[in-house]
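Take a look at the structure set out below.
Protein chains: 2
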Amino acid sequence: MNYSRQREIILEALRNNVVHPTAEYIHSVLEKQYGSVSIATLYRNLNQLVDNGLIKRIDGLEVPSHFDHNTHEHFHFMCEKCKKIFDVSSDVAPDIVEKAQQELGAKINGYDIVFRGICNDCK
Amino acid sequence: MNYSRQREIILEALRNNVVHPTAEYIHSVLEKQYGSVSIATLYRNLNQLVDNGLIKRIDGLEVPSHFDHNTHEHFHFMCEKCKKIFDVSSDVAPDIVEKAQQELGAKINGYDIVFRGICNDCK
DNA sequence: TCATAATTGATAACAATTATCATTTTATAG
DNA sequence: CTATAAAATGATAATTGTTATCAATTATGA
C-alpha cells in the first residue's frame, strides 16, 4: 500500500468524526472538512483499509455498509427506530469463538454479532 | 396474507431443498422442480414470509441475502473458501441477549451471529 | 355472485458498489 | 537527481441485487 493523501484523510475523517458512518456519510464529511475525494477512490480505499485491518466493515446491519475505526473486539446494536448504532462489549459472549470452533471443527477468522431493538432513549 | 400458489411453492422449495439459498438459487429450483415464478413475486414473497416469521433472512453474510426455513434460534458460519454455510448451535452464546440488554438498557428484538473462516473440509 | 382486497408478471427504476481506463503520483534503483 | 515501474486517482460506465409501478388476475367473504 503506497501512501496517498486521499487515504490519509479518509482514515483521519473516520477517526476524528462519527463512529459508524456509511461510505456516503464519509464522503460528505470529507467534502466539508477535508478535501473532496472521488466516490470511486473512497470505496477503493475503504476496502483496502478493511483488508489491511485498519478499519472494520460492520456486517449484518442495514445496507449500505457501515464502517468502524475501532478495531478492538466489540459488537453492535442498532436501534430500529432512530437507526443509531451503539457498541456492545465483547463480554456478552465469552469463549464464543472457541466454542464455535469446537462445534464446527473449523478455523474461525472473524465474526460479527449484531443486535436489533429499541434503544434506551427511544423506549 | 391471502393464499397464493406461488407463495406455497416458494415455501415448499425452501423446506424441501437446500438450506441457506439465495433468492436467485430459489428461483432456479422453482424453475426446475415446481412452476416458474417471476422474480418480482419471489422477492415479494420472501419478504412477506420473513415479515410473518415463516422464514428468516440471514444477515451479515455476503450479498446477495440468504434465507433459512429454520426459524429456531441458531447461528451461522460461512466458509471463506467453499462459501458453504453451516449452522452453529445457540449454545455458543448463552444469556447473550440478557447481558446485552442490561449493558445497553435497550429492548432487544433480535440479533444475528455470523462466523467466517475455513471449514473442516477445506482445511 | 358481486365487490374488495391481495397477488401476479413484466419491466422500469433504484441504490450501492465495482470495473474500466487514461492520467497522475509515489517509491526506488541506478 | 533521474528513469522506471507500480500504485493510486478521478470520471464515469457498468453491474448487481432488489424494489416500485401498474394493469390484469385471483382469492375472500358478505
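Chains as they are written, first to last, in this note's numbering: chain S, 1 to 123; chain Y, 124 to 246. A virtual CB, placed ideally from N, CA and C, is assigned to each residue, including glycine.
Nearest-angstrom Cβ-Cβ length linking residue i and residue j, presumed shorter than 8 Å
i: VAL237 of chain Y; j: HIS199 of chain Y; result: 5 Å
i: VAL92 of chain S; j: GLU226 of chain Y; result: 7 Å
When the options are compared against residue i, the one with the closest alpha-carbon
i: SER36 of chain S; options: S:ASP68, S:ASP59, S:TYR111, S:ILE10; result: S:ILE10
i: SER213 of chain Y; options: Y:ASN193, Y:ASN125, Y:ILE162; result: Y:ASN193
i: ILE162 of chain Y; options: Y:ARG130, Y:ASP244, Y:HIS195; result: Y:ARG130
i: ASN2 of chain S; options: S:ARG15, S:GLU31, S:ASN52; result: S:ASN52
i: LYS83 of chain S; options: S:ARG15, S:GLU31, S:LYS99, S:LEU61; result: S:LEU61
Own chain, CB closer than 8 Å to residue i, minus 5 neighbours either side, in chain order
i: GLU24 of chain S; result: PRO64
i: GLN33 of chain S; result: ALA13, ASN17
i: VAL88 of chain S; result: HIS74, PHE75, HIS76, PHE77, ILE113, PHE115
i: ILE118 of chain S; result: CYS79, GLU80, LYS81
i: GLN124 of chain S; result: This structure leaves residue 124 of chain S out entirely; chain S is present only between 1 and 123.
i: THR145 of chain Y; result: PRO187, SER188, HIS189, PHE190
i: TYR43 of chain S; result: ALA23
i: GLU154 of chain Y; result: none
i: LYS99 of chain S; result: none
Local Cβ density within 10 Å of residue i, reported as buried at 16 or more and exposed below that
i: ASP182 of chain Y; result: buried
i: ILE149 of chain Y; result: buried
i: ARG5 of chain S; result: exposed
i: ASN45 of chain S; result: buried
i: ASP121 of chain S; result: exposed
i: LYS56 of chain S; result: buried
i: TYR234 of chain Y; result: buried
Cutoff 6 Å; reference residue i; Cβ partners in own chain excluding five residues on either side
i: ILE85 of chain S; result: HIS20, HIS76, MET78
i: ASN247 of chain Y; result: Outside the shown range of chain Y, which is 124 to 246, sits residue 247 of chain Y, and nothing can be said about it.
i: VAL152 of chain Y; result: ALA136, ASN140
i: LEU177 of chain Y; result: none
i: THR164 of chain Y; result: GLN129
i: LYS123 of chain S; result: none
Short CB-CB distance (under 8 Å) between residue i and chain S
i: VAL237 of chain Y; result: yes
i: ASP182 of chain Y; result: yes
i: ASN243 of chain Y; result: yes
i: ALA146 of chain Y; result: no
i: ALA216 of chain Y; result: yes
i: ILE178 of chain Y; result: no
i: ALA223 of chain Y; result: yes
i: ILE132 of chain Y; result: no
i: LYS155 of chain Y; result: no
Within-8 Å CB hit, residue i to chain Y
i: ASN70 of chain S; result: no
i: GLU80 of chain S; result: yes
i: ILE96 of chain S; result: yes
i: GLY117 of chain S; result: yes
i: LEU46 of chain S; result: no
i: TYR111 of chain S; result: yes
i: SER89 of chain S; result: yes
i: GLY138 of chain S; result: Any property of residue 138 of chain S remains undetermined from this structure, which presents chain S solely from 1 to 123.
i: ILE85 of chain S; result: no
i: PHE67 of chain S; result: no
i: ILE108 of chain S; result: yes
Neighbourhood of residue i by C-beta distance below 7 Å, restricted to the same chain and skipping five residues each side
i: HIS72 of chain S; result: none
i: ARG274 of chain Y; result: Since the first residue shown for chain Y is 124 and the last is 246, residue 274 of chain Y is missing from the structure and cannot be characterised.
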